[in-house]
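Notes follow the structure.
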Amino acid sequence: MPKILGKGLKGFAIFAVLGWSLAPIVLILISSFKPDRDIFAAPPRLLFEPTFDHYVALWTRWGDFFAGLVNSLIITTGATILAVVTSAMAGYAYSRYRHTVMSSSAFFLIFIRLIPPIVITLPLFPVVNILRINDTHILMIVLYATFFVSLGTLIMRTFIDQIPKELDEAAHIDGASHWQILRRIILPLSAQGMIAVSVFVIVFAWNEFLFAFIFTTTRAKTAPLVLSEMFGAVEGVEWGVLFAASTLQLLPVLIFVVLAQKHLVAGLTAGATKG
Amino acid sequence: MASVSIENVTKKFGELEVIKGISVPIADGEFVILIGPSGCGKSTLLRMIAGLEEISGGTVAIDGKMVNNVPAKERDIAMVFQSYALYPHMTVRDNMAFSLLLRKARKAEIEAAVTKAAETLGLTELLDRLPRQLSGGQRQRVAMGRAIVRDPKVFLFDEPLSNLDAKLRVQMRTEIKALHQRLRATTVYVTHDQIEAMTMADKIVVMKDGHIEQVGTPLELYDNPANLFVAQFIGSPAMNILPARSSSQGVSVVDDLWHSVPELHHLPTNKPVTIGIRPEHFALADEGIPATIEVVEPTGAETILSARIESHPVTVLIRDRADVRPGDEIFLTPDWTRVHAFDPATGNRL
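The listed protein sequences correspond, in order, to chains A and B. Count the first sequence with our numbering and you get residues 1 to 275, in order. Count the second sequence with our numbering and you get residues 1001 to 1350, in order.
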């Protein structure tokens, strides 16, 4: 009897957690296909005639949103490549070279992760203005990549630590330079780590709001900003269109995270156990 | 191929000196084995020749050219690691071709070199496999293939057989020796296994605590060990060591158990000495030194007896079958012409 009770409680807990996390996503997804009158119907209507009207309206009236998606795509891709490459190189250096300066800077890497983003953002604003890079893709790419290089470096170091140093030595004796060792030996063997880092950066850069709100206005405006504009539109919130836009914003990263889930777990637990 | 010259080489890790002024000349085509217990500095010395460790003092020269400050990749050496260090994401072919690829060799040249090395080592069928799909012995061969494909000046081996099982180790030992006889490549090989050293080397360098105890051919070391350490380190089972005292007539061993051994009359008189007798230089006899058998280990070809002469443990190796059992009283006669004597204070040969 206690065994059945335990199982029942466990099942209920899983169901509760799933419900808690999935309910908003399901609500957004379903509501984007509901006619306006059914979206907030009480009691909620589970049977309805699906419509693409909201997606059509989004396409015709909120062209800004699709421009935002393109900006998000450019910035996310750029930030991911920059962060992964930088983290891999830094991770290699931290893994292979031991020095007091390296140890202190490793501590600094952890330390800067603890500072709230807004603390970094405010002093950055005048600097960005002086450099005249406000509202550019490159600024957002560098910002997002920089924000994740510290964590990315720690993840990559943990992965590279697991690659025997003898492989570097064998390659060195074979005639490889440090750069060739990194490119031909270390990077292929730490691909899982790079995927894990890229998952973090993609999820962050795709969804990030604060930096985008402060540093972009038109040219580099990302999709989350347009979503917020839709929410605060003067003519009132078009919930159906907003849900359609949210679905489009949500889907790519959801699919990516599901596909890369295995690597994400590996990235979080790298070095936790031997083998 | 090339000669290697190690002159007065030292290595310090902070204040700790692990190599204390070592000099070893290695001739072109010679197979030299560095042997010693763990922590004696043999692997560090090998890594210094390879360029993987900085040299704190002295010089290392390859082919007459000092290489102290030459990076490993420019020394034209090949190294086989204890763990093989095969690139796990590359096939056997790519592992073997890697150094030539970095050297920007032509494709046809790489293919020819890899094919030839694979044929030499019996790897032709395995060229498209990944290291994880190979057995320990096959991986070991790939590691050797990766070394020979480059035709380097010097081959370095760092305990390459330690990870293999006993049977495979014997087989690979023979293969490495055969390969050396065919290629006549200058080779420096590190091991802690004295059987490997005895069977493979042209020259053995016995090391302890960062310095050299003795350098010589395997049989020189076996027949004329310079000190007690070498005497006990080389040879299996190890040499028996017994206390003795010299007199004008020779020596008396184990509290006067054996008197006046005339073969040892050259020793300084009236001094304590340490006597060394190899296990195979004892014979069973009807009369002689009484001993009690404790363990009998028949191996088929020979029998190893662990016995005790009074309180002193001795090992006896009999080539014939011996009809003896634990607890039996036996009589031993040593071959006095092959007995070694050492100074108990310094351990040096007398």
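The beta carbon of each residue, even a glycine, is placed where N, CA and C say it ideally should be.
**Request:** Can you pull the chain B residues whose beta carbon is under 9 Å from the beta carbon of Leu-182(A), in chain order?
**Result:** Sequence index remark: in the first sequence, residue 182(A) carries index 182 (1-based). Per Cβ cutoff of 9 Å: no residues; Leu-182(A) is ~13 Å from chain B at best.
**Presumed contact (8 Å Cβ cut-off) between Gly-1058(B) and Gly-1210(B), rounded CB distance** = Working through the second sequence from its first residue, we reach residue 1058(B) at position 58. Working through the second sequence from its first residue, we reach residue 1210(B) at position 210. Not confirmed; about 12 Å, so no contact.
**Prompt:** Can the beta-carbon of Thr-80(A) be found closer than 8 Å to that of Ser-198(A)?
**Reply:** Looking up residue 80(A) in the first sequence gives position 80. Looking up residue 198(A) in the first sequence gives position 198. Ser-198(A) is positioned such that its CB atom lies closer than 8 Å to that of Thr-80(A).
**Item:** Within the segment 1059-1086 of chain B, ranges of the beta strand (DSSP E) (whole runs, at least 3 residues)
**Value:** 1077-1080, all fully within the segment 1059-1086 of chain B.
**Message:** Using the three-state DSSP reduction, which class does Lys-221(A) fall into: helix, strand or coil?
**Reply:** Counted from its first residue, the first sequence places residue 221(A) at position 221. Reduced to three states, the DSSP call for Lys-221(A) is coil.
**Prompt:** Can at least three beta-carbon pairs, one atom from the segment 1063-1073 of chain B and one from the segment 132-147 of chain A, be found at a separation below 8 Å?
**Reply:** Counting Cβ pairs under 8 Å, fewer than three are found: no touch.
**Request:** Name, going along the chain, the residues of the segment 149-183 of chain A whose beta-carbon falls closer than 8 Å to a beta-carbon of chain B.
**Result:** Answer in chain order: Pro-164, Glu-166, Leu-167, Glu-169, Ala-170, Ala-171, His-172, Ile-173, Asp-174, Gly-175, Ala-176, Ser-177 and Gln-180.
**Prompt:** So with Cβ pairs under 8 Å, would you call Gly-275(A) a contact of chain B?
**Reply:** Reading the first sequence from its first residue, position 275 is the one you call residue 275(A). Below a pLDDT of 50, predicted positions are generally treated as unreliable, and Gly-275(A), at 34, falls in that range; no measurement from the model is reported.
**Message:** In this structure, how does DSSP classify Glu-1329(B) when only helix, strand and coil are distinguished?
**Reply:** To locate residue 1329(B), count along the second sequence from 1; it is residue 329. Assignment of Glu-1329(B) by DSSP, reduced to helix, strand and coil, places it in the strand class.
**Prompt:** Would you report the Cα separation of Ala-1061(B) and Lys-1177(B), rounded to the nearest angstrom?
**Reply:** Sequence index remark: in the second sequence, residue 1061(B) carries index 61 (1-based). Sequence index remark: in the second sequence, residue 1177(B) carries index 177 (1-based). The alpha-carbon atoms of Ala-1061(B) and Lys-1177(B) are separated by roughly 25 Å.
**Prompt:** Do Ile-1241(B) and Val-1339(B) have their C-beta atoms closer together than 8 Å?
**Reply:** The residue you call residue 1241(B) lines up with position 241 of the second sequence. The residue you call residue 1339(B) lines up with position 339 of the second sequence. Not closer than 8 Å, so no.
**Message:** Quick check: the segment 15-28 of chain A against the segment 229-238 of chain A, are at least 3 beta-carbon pairs closer than 8 Å?
**Reply:** By the Cβ test, the segment 229-238 of chain A is not in contact with the segment 15-28 of chain A, since fewer than three Cβ pairs between them sit closer than 8 Å.
**Request:** Identify the continuous alpha helix (DSSP H) that holds Ala-1285(B) and give its terminal residues.
**Result:** For the purposes of this step, residue 1285(B) is identified with residue 285 of the second sequence, where counting begins at 1. DSSP places Ala-1285(B) outside any alpha helix (DSSP H); the residue lies instead in the beta strand (DSSP E), whose first and last residues are 1282-1285.
**Message:** At the 8 Å Cβ level, is Ser-1083(B) part of the contact set with chain A, yes or no?
**Reply:** The residue labelled residue 1083(B) in the question sits at position 83 within the second sequence. A Cβ of chain A is located within less than 8 Å of the beta carbon of Ser-1083(B).
**Message:** So, for Phe-1331(B): in the same chain, excluding its five sequence neighbours on each side, which residues have a beta-carbon less than 8 Å away from its beta-carbon?
**Reply:** What you label residue 1331(B) is simply residue 331 of the second sequence in a count that begins at 1. Cβ within range, chain order: Leu-1284, Ala-1285, Asp-1286, Glu-1287, Gly-1288, Ile-1289, Pro-1290 and Ala-1291.
**Message:** Quick check: what's the CA-CA separation for Lys-221(A) versus Ile-202(A)?
**Reply:** Within the first sequence, the letter at position 221 stands for residue 221(A). Within the first sequence, the letter at position 202 stands for residue 202(A). The alpha-carbon atoms of Lys-221(A) and Ile-202(A) are separated by roughly 17 Å.
**Prompt:** By the 10 Å Cβ neighbour count, where 16 or more other Cβ atoms means buried, how is Asp-1320(B) classified, buried or exposed?
**Reply:** Position 320 of the second sequence, counted from the first residue, corresponds to residue 1320(B). Within a 10 Å sphere around the beta-carbon of Asp-1320(B) sit fewer than 16 other beta-carbons, which makes this residue exposed.
**Item:** Short CB-CB distance (under 8 Å) between Ser-1306(B) and chain A
**Value:** Locating residue 1306(B) in the second sequence gives position 306, where the first residue counts as 1. With 8 Å as the cut-off, Ser-1306(B) does not count as an interface residue toward chain A.
**Contact with chain B by Leu-210(A), beta-carbon distance below 8 Å** = The residue given as residue 210(A) occupies position 210 in the first sequence. The beta-carbon of Leu-210(A) is placed no less than 8 Å from the nearest beta-carbon of chain B.
**Request:** May I ask which residues mark the beginning and end of the beta strand (DSSP E) holding Gln-1214(B)?
**Result:** Numbered from its first residue, the second sequence carries residue 1214(B) at position 214. DSSP places Gln-1214(B) inside the beta strand (DSSP E), whose first and last residues are 1211-1216.
**Prompt:** Quick one: what does DSSP say Ser-1023(B) is sitting in, helix, strand or coil?
**Reply:** By 1-based counting over the second sequence, the position of residue 1023(B) is 23. Residue state for Ser-1023(B) is assigned as strand, using DSSP reduced to three classes.
**Message:** So the candidates are Val-1142(B), Leu-1317(B), Phe-1229(B) and Leu-1046(B); which of them puts its Cα closest to the Cα of Arg-1278(B)?
**Reply:** The count along the second sequence starts at 1 and reaches residue 1278(B) at position 278. Measuring from the Cα of Arg-1278(B), the nearest candidate turns out to be Leu-1317(B).
**Prompt:** Taking buried to mean at least 16 other C-beta atoms within 10 Å of its own C-beta, is Asn-71(A) buried or exposed?
**Reply:** One-based indexing of the first sequence puts residue 71(A) at position 71. When all chains shown are included, Asn-71(A) counts as buried.
**Request:** Kindly say whether Leu-248(A), judged by its beta-carbon, lies nearer than 8 Å to any beta-carbon of chain B.
**Result:** Here the question's residue 248(A) lines up with position 248 in the first sequence. Not closer than 8 Å to any Cβ of chain B, the Cβ of Leu-248(A) fails to qualify, so no.
**Request:** Report the residue from Thr-1315(B), Ala-1345(B), Leu-1134(B) and Pro-1334(B) whose alpha carbon sits nearest the alpha carbon of Pro-1272(B).
**Result:** Here residue 1272(B) refers to the residue found at position 272 of the second sequence. Per the Cα distances, Ala-1345(B).
**Message:** Classify Ala-1348(B): buried if its beta carbon has 16 or more other beta carbons within 10 angstroms, exposed otherwise.
**Reply:** Working through the second sequence from its first residue, we reach residue 1348(B) at position 348. One point to set straight first is that residue 1348(B) is Asn, not Ala, in the sequence displayed. Asn-1348(B) comes out exposed.
**Where the beta strand (DSSP E) through Pro-123(A) begins and ends** = For the purposes of this step, residue 123(A) is taken as residue 123 along the first sequence, with counting starting at 1. Per DSSP, Pro-123(A) lies in no beta strand (DSSP E); the unbroken alpha helix (DSSP H) holding it starts and ends at 117-131.
**Message:** Can you tell me whether Met-102(A) is buried or exposed? The criterion is at least 16 other CB atoms within 10 Å of its CB, across all chains shown.
**Reply:** Locating residue 102(A) in the first sequence gives position 102, counting from the first residue. Exposed, because fewer than 16 other Cβ atoms sit within 10 Å of the Cβ of Met-102(A).
**Request:** Give me the Cβ distance between Asp-135(A) and Thr-76(A), rounded to the nearest whole Å; I'm assuming they're in contact under 8 Å.
**Result:** For this step, residue 135(A) is matched to residue 135 along the first sequence. For this step, residue 76(A) is matched to residue 76 along the first sequence. The C-beta distance from Asp-135(A) to Thr-76(A) rounds to 17 Å, too long to fall under 8 Å, and the pair is not in contact.
**Message:** Does Ile-138(A) pass the burial test, meaning 16 or more other C-beta atoms within 10 Å, or should it be called exposed?
**Reply:** Along the first sequence, one-based indexing puts residue 138(A) at 138. With a threshold of 16 other beta carbon atoms within 10 Å, Ile-138(A) falls short and is exposed.
**Request:** Quick one: residues in its chain with C-beta nearer than 8 Å to the C-beta of Ser-1038(B), no 5 flanking neighbours on either side, listed in chain order?
**Result:** As a working note, residue 1038(B) is residue 38 in the second sequence. Residues of the same chain with a CB within less than 8 Å of the CB of Ser-1038(B), apart from the 5 flanking positions on each side, are His-1192 in chain order.
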